[in-house]
Every structure is written in structure tokens, then in C-alpha cells.
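Each remark here refers to the structure printed beneath this line.
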Amino acid sequence: MKIIFHVITLNFSFKNLFDVKMDFIFANQSLYYLPSKDFQKTIEEFYDLCNDGAIIFATMISSKAYQEFVIGDVKENGLVEVKSSPRLNSEST
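Just so we're aligned: 81 in the numbering used here is position 93 of the sequence shown, and the numbers increase by one with no gaps anywhere.
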């Protein structure tokens, strides 16, 4: 089996990197790095890359689910800075 890795830049369209359709796409904790304006385009590219009946499995951290992070303001490019909570820097008991 031949494994190929592609390093892509921000806002790069990746659907033309592959000459086959896929049955499974796994995007683990990565989609929230996309600017809001590119999110829909990326999801559409996932669908274009899939065979009928394929599975797209994506996970994202909810800003409401974790107290370990502090969410910053939304930047002009649509990204949000996420920092460790000061609570994580102290000793746990």
C-alpha cells in the first residue's frame, strides 16, 4: 500500500488532490480552525470526495462543554483564540 501525505496551506482546496472517491473521512478536532467563510466550502468538498453512502466523522470541542479553556474574541479572519484556563496552571487536590 502506498501512503501519500499532502501539506496544505490555509484555505487550500484539497478535493483535487485525490483521484478516487472515499468511503470514510475523519476530521478530528480540526474543522474549528477554519475561518467561518470557508467552513461550508470545506464540508461541500467532503461530500464531493465521498462515494454514495460514505461516512464523514468530524469532532469539534464545544465552547460550552469544557471549563478548561478560555475563549477569546473572534478575529477578523473568523478564528477564535483558545487558551488554557488559569485553573489548569494550579495544583489539583
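Ideal Cβ positions, reconstructed from N, Cα and C, are used throughout, including at glycine. The model shown is predicted, which means the values in this text are computed figures rather than measured ones.
Item to check | Contacts around T47, its chain only, beta-carbon distance under 8 Å, and the 5 residues preceding and following it disregarded | outcome: Along the sequence shown, one-based indexing puts residue 47 at 59. Scanning its chain for C-beta atoms nearer than 8 Å, with the 5 sequence neighbours on each side dropped, one finds around T47 the residues A15, N16 and Q17, in chain order.
Checklist entry - Under three-state DSSP, which class holds S78? => result Here residue 78 corresponds to residue number 90 of the sequence shown, with the count starting at 1. Only weak support exists for where S78 lies, its pLDDT of 49 falling under 50; the coordinates are left without a value.
Checklist entry - For the putative contact between S1 and E33, defined by C-beta atoms under 8 Å, what is the C-beta separation to the nearest angstrom? => result Numbered from 1 along the sequence shown, position 13 holds the residue referred to as residue 1. Numbered from 1 along the sequence shown, position 45 holds the residue referred to as residue 33. Confirmed, Cβ separation roughly 7 Å.
Item to check | Rounded distance between the beta-carbons of K9 and C38, thought under 8 Å | outcome: As a working note, residue 38 is residue 50 in the sequence shown. As a working note, residue 9 is residue 21 in the sequence shown. Yes, C38 and K9 are in contact; Cβ-Cβ is about 6 Å, under 8 Å.
Next on the checklist: Once DSSP output is grouped into helix, strand and coil, what is the label at E64?
Outcome noted: Taking the first residue of the sequence shown as position 1, residue 64 is located at position 76. If DSSP states are grouped into helix, strand and coil, E64 belongs with coil.
Checklist entry - Taking DSSP as the reference, what is the three-state secondary structure of K9? => result As a working note, residue 9 is residue 21 in the sequence shown. In the structure shown, K9 sits in coil (DSSP, three-state: anything other than H, G, I, E or B).
Item to check | For V70 and V62, believed in contact at Cβ under 8 Å, the rounded distance | outcome: On the sequence shown, position 74 is the one that residue 62 refers to. On the sequence shown, position 82 is the one that residue 70 refers to. Taking C-beta atoms under 8 Å as the contact rule, V62 and V70 fail to qualify, at a distance of about 12 Å.
Checklist entry - I43 to V58, Cα distance in whole Å? => result On the sequence shown, residue 43 is found 55 positions in, with the first residue counted as 1. On the sequence shown, residue 58 is found 70 positions in, with the first residue counted as 1. Distance between the alpha carbons of I43 and V58 is about 32 Å.
Checklist entry - If you draw a straight line from the C-alpha of Y20 to the C-alpha of M(-11), how long is it? => result As a position in the sequence shown, residue 20 is number 32, starting the count at 1. As a position in the sequence shown, residue -11 is number 1, starting the count at 1. For Y20 and M(-11), the distance between alpha carbons rounds to 31 Å.
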